[in-house]
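Novice:
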Amino acid sequence: MHQHATLTDRLDALLPQTQCTRCGYPACRPYAEAMAGGLADINRCPPGGAAGIERLAQSLGRPPLPLDPACGHEKAVQTLAVIIEADCIGCTKCIQACPVDAIVGAMNLMHTVISGHCNGCELCVPACPVDCIEMVEAPGIPPPFTHAEAFRSRYRARNHRLAQIERENEMRRRRHRVRPDPVAAALARAQDRLDEHGNATDRGSA
Ligand code: SF4
Ligand code: SF4
Ligand code: SF4
0 MHQHATLTDR LDALLPQTQC TRCGYPACRP YAEAMAGGLA DINRCPPGGA AGIERLAQSL
60 GRPPLPLDPA CGHEKAVQTL AVIIEADCIG CTKCIQACPV DAIVGAMNLM HTVISGHCNG
120 CELCVPACPV DCIEMVEAPG IPPPFTHAEA FRSRYRARNH RLAQIERENE MRRRRHRVRP
180 DPVAAALARA QDRLDEHGNA TDRGSA
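Mapping to numbering that gives the first Met the number 0: the sequence shown position 41 is 40, numbers consecutive.
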């Protein structure tokens with residue numbers, strides 16, 4: 000860790016980076032910020048489990064605590080999402096929910112989980128309107144903290160991609176707002192011609 004790393008950086012580096020939101024924060028880093036600011040306790044991360052709480056406790060020089068059951072439980076065996084492809088209606092809602100872009104598919108087409116990228120966060124499960132995503136046990140998969148750096152990197156890449164799309168959409172909206180309405184422009188030109196004609200007639204009859 001860089002010598003100028005903040006306390007938030009140091010605590011964030013100890014979190015498993017599934018971005019599952021079970022701690023009650025929208026992602027791992029906001030939880031790290033809350034702990035660094037003394038606003039959250041160290042026992043709110045089920046994917047980190049007892050080992051994660053121990054890491055946080057050591058870092059902060061505090062005694063560990065039992066995991067807060069209000070946040071969920073620590074999995075004995077890791078799980079991965081699997082889509083029952085025959086039932087998938089291709090709505091893309093799971094792709095929108097997945098924080099690490101572990102699902103591929105396109106509108107109206109079958110979707111699939113890339114198991115090597117899935118961190119077991121379960122955010123896709125309630126997002127599916129036809130209930131065709133299941134979490135299955137994957138006994139050979141190590142705890143999420145082992146792959147925290149990869150999950151963080153995919154989460155950042157996803158945020159970057161979404162921000163880029165939003166910037167492009169905003170530019171499109173702006174272009175649309177400033178583009179003159181062709182019908183209104185034609186009416187204005189016609190009115191100008193009528194006005195000119197009326198003025199010429201007035202001058203001729205004066
Ligand atoms: S992995 Fe832990 S710290 Fe990160 S969002 Fe989930 S519960 Fe919060
Ligand atoms: S596929 Fe589902 S369980 Fe896996 S990382 Fe994405 S949202 Fe989480
Ligand atoms: S949310 Fe469910 S139905 Fe929609 S694309 Fe994903 S798996 Fe298919």
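Where is the CB? At the ideal position from N, CA and C, for every residue including glycine. Bear in mind that the values here come from a model prediction, so they are computed numbers and not experimental data.
In three-state terms, what does DSSP make of residue 66?
Specialist: For the purposes of this step, residue 66 is taken as residue 67 along the sequence shown, with counting starting at 1. In this structure, residue 66 counts as coil in the three-state DSSP scheme.
Novice: Grab me the residues of residue 7's own chain with a C-beta within less than 6 Å of its C-beta, minus the 5 sequence neighbours each way, in chain order.
Specialist: The residue labelled residue 7 in the question sits at position 8 within the sequence shown. The answer, listed in chain order, is 31, 32 and 35.
Novice: Give a single yes or no on whether residue 50 has its beta carbon closer than 7 Å to a heavy atom of ligand 1.
Specialist: Within the sequence shown, residue 50 is the residue found at index 51, counting from 1. Answer for residue 50: no, Cβ out of range of ligand 1.
Novice: Use the C-beta contact count for residue 205: other C-beta atoms within 10 angstroms, 16 or more gives buried, fewer gives exposed.
Specialist: For this step, residue 205 is matched to residue 206 along the sequence shown. Interpretation of residue 205 is limited by its pLDDT of 44, a score under 50 that renders its predicted location unreliable; the figure taken from the coordinates is listed afterwards. Answer is exposed; the Cβ neighbour count stays below 16.
Novice: Within 10 angstroms of its Cβ, does residue 186 collect 16 or more other Cβ (buried), or is it exposed?
Specialist: Residue 186 sits at position 187 when you count from the first residue of the sequence shown. Counting Cβ neighbours within 10 Å, residue 186 comes out exposed, since fewer than 16 surround it.
Novice: Below 8 Å CB to CB, which residues in the same chain sit around residue 83 once its five sequence neighbours on both sides are set aside?
Specialist: For the purposes of this step, residue 83 is taken as residue 84 along the sequence shown, with counting starting at 1. Contacts found: 131, 132 and 133.
Novice: Using a Cβ-Cβ cut-off of 7 Å (strictly less than) and excluding sequence neighbours within five positions of residue 88, which residues of its own chain qualify?
Specialist: Within the sequence shown, numbered from 1, the residue matching residue 88 stands at position 89. Excluding sequence neighbours, residue 88 sits near 129.
Novice: Looking only at DSSP bridge pairs, what is residue 133 linked to?
Specialist: As a working mapping, residue 133 is identified with position 134 in the sequence shown. 81.
Novice: Ligand 2 heavy atoms versus the CB of residue 206: any closer than 7 Å?
Specialist: Beyond the ends of the chain as shown, which are 0 and 205, falls residue 206; an answer cannot be given.
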